[in-house]
DNA sequence: TCGCGCGCTTGATCTGGGTCAAGGATGACC
DNA sequence: GGTCATCCTTGACCCAGATCAAGCGCGCGA
């Protein structure tokens, strides 16, 4: 995560429960203060679709809590997840009308939104924001390209390890912890959602998770609660060199 | 290609041989005129590396002629191409020092470059540019995500057809032609480079090209010169609905 | 308490694409 | 014209992961 704005991420807002990496009236300079006026919250239940690909999307926003996914579907039903939206991630395309992908809430979801039109006029009048958005978009692009390597060249076991290490790391940084010592977290995705992200079948996902468990790379309590005793071991299984840059 | 700036693409500059989609002193408004002062050209021979991943990259620029690729390599040598740079494509990360990927010239290559520092200060003082860059980066992000579907869910035959249709379309728009009637172009990539882009082996690429030829989807003169008699047939083989948005 | 559904696991078998190997074409250079 | 290297094609075989199928476990509503 080359461009994580720690100073912003760690800044709390009482009415905007978590620190947006994106844009947040309180976390930013005074010139953004009037964003407050166009800000609102939306909540979604697990399984609900936030927007359908191609639909008009009249807001932008960031995830406050919960998980959402971006997916593409072919006519015959094959689907590929192209993005995983965790708390603090930004959604929306300034300057674009239609959503490019289905956005689906995989857990209960709270988003902090800004109406698109006013937000866009802010972007044109406040250079700071365009640059911030550019930086974030470059981060997303890096993440997408990193994932292309995963999809194109990694084995099923490496794919699973890659996904687990992303989730583990994101979870750790979100809770302001490091990646030393055992990491504990809940998988926010079903086996099927994982398979959509990794370009595998859910059976293969299940088998490889069992294999990683059997080999002591991870421990499982129930189906979703994961303990990673040694993060660098997991990174190694993912085929990344131990401190290499993974997805933000 | 949702955001192709036709007006700019079709605008010729005598000293800047082709119309940059990115930024070009002559093609843009007067406020950008002084970019001329920091502009220079670099040429590379086929096979030469433009920058290595991790190296400091002190310029940004766009491809004038020739083809370059962005690739990632794992420690064990597996490689995945994450971007294909055709004429008019932009290279470089404003706000980042290191190159994220290897950039390699696959043909003789001419780039029109701007030194990074002055370019960046332009970005901060000229809001117009940051917005333009944002738009371009969003296009690249869409392309990367489109490619994730190709890598994760398409068969070898569909992958080849997808790649051919991207190259055919890019070639057509670059030469200001439409995609009606037979399309004729030269493959700018070796079978190996294609395999790196598609997450396949070069043998599979070769076999699938032979199969598409045998089935009349494409015609080959020699190993590189391709004729596509019916573009929508090719799109169909790629698994895209006939007018769906592919990579820009 | 029972059933029912959903998410998950595991087994058996199949197959698309990888791997290994043997040439064929083309062009550059002597 | 011959040699050599590079790029490409094709064949034979193999294996990781897909597919098909059966069954488990847990939460929920009646």
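Protein chains in written order, with this note's numbering: chain A, 95 to 342; chain B, 95 to 342.
We put the beta carbon where it would ideally sit given N, CA and C, even for glycine.
With fewer than 16 other CB atoms across the displayed protein chains lying within 10 angstroms of its CB, residue 219 of chain A is exposed. Contact between residue 207 of chain A and residue 251 of chain A does not hold, since the beta-carbon distance rounds to 39 Å and is not under 8 Å. Taking C-beta atoms under 8 Å as the contact rule, residue 172 of chain A and residue 247 of chain B qualify, at a distance of about 4 Å. Within the same chain, 280, 281 come within 6 Å of residue 318 of chain A by CB-CB distance, once the 5 residues on both sides are set aside. By the Cβ criterion, the segment 159-169 of chain A is not in contact with the segment 224-237 of chain B, since fewer than three pairs of Cβ atoms, one from each stretch, lie closer than 8 Å. Burial of residue 265 of chain A is indicated by the presence of at least 16 other C-beta atoms within 10 angstroms of its C-beta. The beta strand (DSSP E) runs lying completely inside the segment 313-338 of chain B and spanning 3 residues or more are 313-315, 319-322, given in chain order.
In this model, residue 196 of chain A and residue 151 of chain A are separated by some 11 Å (Cα to Cα).
Under DSSP, the beta-bridge partners assigned to residue 136 of chain B are B/205.
Cβ neighbours of residue 255 of chain A within its own chain (closer than 6 Å, five residues either side excluded): 328, 331, 332.
Assigned with DSSP and collapsed to three states, residue 283 of chain A falls in coil, not helix or strand.
Between the segment 200-216 of chain B and the segment 291-306 of chain B there are fewer than three C-beta pairs closer than 8 Å, too few to call the two in contact. Around residue 312 of chain B, the same chain offers 306, 320, 322 as residues with beta carbons nearer than 6 Å, after the five sequence neighbours per side are excluded. Taking each of A/133, A/302, A/260, A/143 in turn and checking the Cα distance to residue 201 of chain A, the smallest one comes out for A/143. Sequence-distant Cβ neighbours of residue 288 of chain A in its own chain, meaning closer than 7 Å and more than five residues away, are 257, 299.
The Cβ atoms of residue 276 of chain B and residue 309 of chain B lie no closer than 9 Å to each other.
The alpha-carbon of residue 213 of chain A is positioned some 8 Å away from that of residue 154 of chain A. For residue 154 of chain B, the beta-bridge partners assigned by DSSP are B/208. Annotation: the segment 193-267 of chain A contains the following complete segments of the alpha helix (DSSP H) (minimum length 4 residues), in chain order: 210-219, 221-247. Using beta-carbon distances, residue 305 of chain A does not count as an interface residue toward chain B, since no partner is under 9 Å. In the displayed model, residue 142 of chain B falls within coil according to three-state DSSP, outside both helix and strand.
The CB of residue 227 of chain B comes closer than 8 Å to the CB of 228 in chain A, given here in chain order.
A distance below 9 Å separates the beta carbons of residue 243 of chain B and residue 166 of chain A.
Listed by position along chain A, the residues whose Cβ is nearer than 8 Å to that of residue 151 of chain B form an empty set, because the closest Cβ is around 13 Å away. Distance from the CA of residue 253 of chain B to the CA of residue 245 of chain B, rounded to the nearest whole angstrom, comes to 8 Å. Taking all protein chains shown into account, residue 259 of chain B has 16 or more neighbouring C-beta atoms within 10 Å of its C-beta and is therefore buried.
Taking residue 141 of chain B as reference, the option from B/284, B/314, B/335, B/316 with the minimal CA-CA separation is B/284. With a beta-carbon spacing of about 28 Å, residue 176 of chain B and residue 301 of chain A fall beyond the 8 Å limit used to define contacts. Between residue 217 of chain B and residue 225 of chain A, the gap from beta carbon to beta carbon is short of 9 Å. About 23 Å separates the beta carbon of residue 139 of chain B from that of residue 194 of chain B, a gap too long to meet the 8 Å contact definition. Here the C-alpha atom of residue 215 of chain B lies approximately 13 Å from the C-alpha atom of residue 222 of chain B.
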